[in-house]
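Numbering of the sequence shown is given in our numbering, commencing with residue -12 and proceeding in unit increments. Built from N, CA and C at the ideal position, the CB exists for glycine as well. The block underneath contains the structure these notes are about, expressed in structure tokens.
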Amino acid sequence: MNTHLLLVLSILCVAFNLTKAVHIDDTAYLEISRHILADPLRPMSGFINWYSSDDLIASVNQPHLPFYVYALVMALFGVSEWALHVVVSLTGVCAIWLFYRLALRCAPENADWLVVLFTLGPAFLPGQNLMVDTPLVLCWLAFFDLMTRPPDIRSSRHYALAAAALAAACLIKYTSVVLLPLFILTIGARRAYWMLGWIAIPAMTLSVWSLWNYLDYGAIHLLSREPVALTLKDWIFRWIEWFSGIGAMAPFALIALSSAWQVPRRRWIISAALLGGVGVTLHAHYPGAPYQIVLGWGLFFGAGCLLVGMTLSGAVNQLIAKWRAGDRVCAENIALLILWGAGVSVFIVSAAPFVAIRHILLIVPALLLLLGMQFRPGAGRALRHTGVALTATLGIAMSISDHVWAGVYRTQAGEIYRQLRSETQDTIWHIGHWGWQWYARKAGMPQYDTETSVLEPGDYVVVAETVHGQGITPAHREKLEQVSRIEIPSTPWTWVRLYNPTQMGGYYSFNYRWRALPWRFSNTPLETFTLYRVRGEMSSQERQGE
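Right under this line is the structure:
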């Protein structure tokens, strides 16, 4: 075990998380946690303004296990961002070490560079925040670590712990229900039927959680998710997004390219990936389309197809070879990893409301382990080193950019509030969600609600233009006069941009229909704050936005 490497990677992970501002969905999760702290028995019955007006917390898709942990931290340390980040950082460190243990089991000769790709890759390191994806991937890694233990040490305790990890994962994100059939299938394939009783742990956990939901707000949260109605065109676009997201995170596809070149009969995959990339490039083009957007979709899609195609074809060939050679343990592990990636892919494409890099993160460990199992040490060393270096460089660059972007709202909220408060004693409203919502309210600016907010003459409204916001009612907009605009300029540290407000998407939600790439290069302003003042006298109806 390369302990020094793991310590360096762990320190980097913790450093990026501990110092990061509240960002994106962190705000919603912290608001939910504060409600749980106040009313722990009715977690779904509170209200949160995450769209245009106050809505039930039950409208947020995630179950609440992480939020109870956050509420406990708040009870012990107050609403301390630092303490909360410490907790999530620890889950990140545990995920790194668990992945390394899996890599040692599956591909011991390649474990070092595999853990570097996992930790410093763009899917993991930039996502170090208070969102639930790092704890989620930890639970998944724990599940597969327990399920792939060698037969000579595998016991009933391992199945019980795997079932507990599965249950915890289901209470972090419902995506984890895809592990239920995999758990049953694996036990059946091993003919360890007496272990099927452990399925009661996740089954009872979800049953109790659902009953709790019903008693709380009269519905079952797991079954209340908005169904995703996809036409054939939507479904095709979703797969383009999925493969493009994989390619956007994986300069290490160069390693798959090296692997393909070593096996002449698999070089057709390179041609197929190239044709796919060209096809998406041509389809993505529209009059006036920025070349970066068009070429980006083609490049990312082609890279994703190459990586998945090469990894999957190699894994299937290796599975067959190991089975024929009588190495059932290795064959079984390969099959588990294939089902891991396939299950997540089908679920996200078919059932998730959108595709984001945090969804891609769930299959990255499986892809890396399958790739590492096929790669012969010493073969294609130049491409391997290049792929690892490019992936780590991109991951660190994206992490720095996201870190700076998140910090803008932490600093600007207080500065803008103090500037305006020195000029007026009237109300200073804020518009915009994500981290801006958290810091603006913390600074003293109440949140604008399209249904209940009453604007008085002399009030100010501060709008963060880049983040998702609740909009302004037409009646209110007529009475607003722009006072000033504050542009936050880009620096070289933020040229790798994780969000594009023009295409309405990026790292945290990207969309092929709108041509929103997972990331891009840009030197445009990082954020623009527009300050408005409410003019003159308003009728009572105008004050309420009617």
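- In this structure, the beta-carbon distance from Gly492 to Trp501 falls below 8 Å.
- Counting C-beta atoms within 10 angstroms of its own C-beta, Ile344 has 16 or more neighbours from the protein chains shown and is therefore classed as buried.
- Leu407 is not a Cβ neighbour of Val521, given a cutoff of 8 Å.
- Residue range Trp421 to Ala430 is occupied by the alpha helix (DSSP H) that includes Ala430.
- Note: Thr515 is bridge-paired with Glu474 in the DSSP secondary-structure output.
- A straight line joining the alpha-carbon of Pro53 with that of Ile159 spans about 6 Å.
- If you look at Ala15, you'll find it in the alpha helix (DSSP H) that goes Asp13 to Ala25.
- By the CB criterion at 8 Å, Ile347 and Leu112 fall outside the cutoff.
- Boundaries around Trp416 are those of the beta strand (DSSP E), Ile415 to Ile418, since no alpha helix (DSSP H) includes it.
- A direct Cα-to-Cα measurement between Thr298 and Ala427 gives close to 46 Å.
- Annotation note: the segment 173 to 206 contains the following uninterrupted alpha helix (DSSP H) runs of length 4 or greater, listed N- to C-terminal: 187 to 204.
- Linking Met118 to Gly328 through their CA atoms gives a straight-line distance of about 22 Å.
- Put simply, the segment 385 to 392 touches the segment 480 to 487. At least three CB pairs are less than 8 Å apart.
- The C-alpha of His270 is placed about 20 Å away from the C-alpha of Ile257.
- Two segments are said to touch when three or more pairs of C-beta atoms, one from each, lie closer than 8 Å; by this definition the segment 262 to 269 does not touch the segment 390 to 410.
- Taking the C-beta atoms as reference points, Asp436 is found no nearer than 8 Å to Asp413.
- Considering only Ala62, Leu323, Pro238 and Leu107, the residue with the shortest C-alpha distance to Ala290 is Pro238.
- In the three-state reduction of the DSSP assignment, Ala451 falls in the strand class.
- Around Leu293, the same chain offers Ala240, Ala243, Leu244, Ile256, Ile257 and Ala260 as residues with beta carbons nearer than 7 Å, after the five sequence neighbours per side are excluded.
- Residue environment analysis places Gln469 among the exposed positions, since fewer than 16 neighbouring C-beta atoms fall within 10 angstroms of its C-beta.
- The alpha carbon of Gly330 has as its nearest neighbour, out of Val342, Asn320, Ile350 and Thr173, the alpha carbon of Ile350.
- Between the segment 98 to 106 and the segment -11 to -4 there are three or more C-beta pairs closer than 8 Å, enough to call the two in contact.
- Burial of Asn4 is indicated by the presence of at least 16 other C-beta atoms within 10 angstroms of its C-beta.
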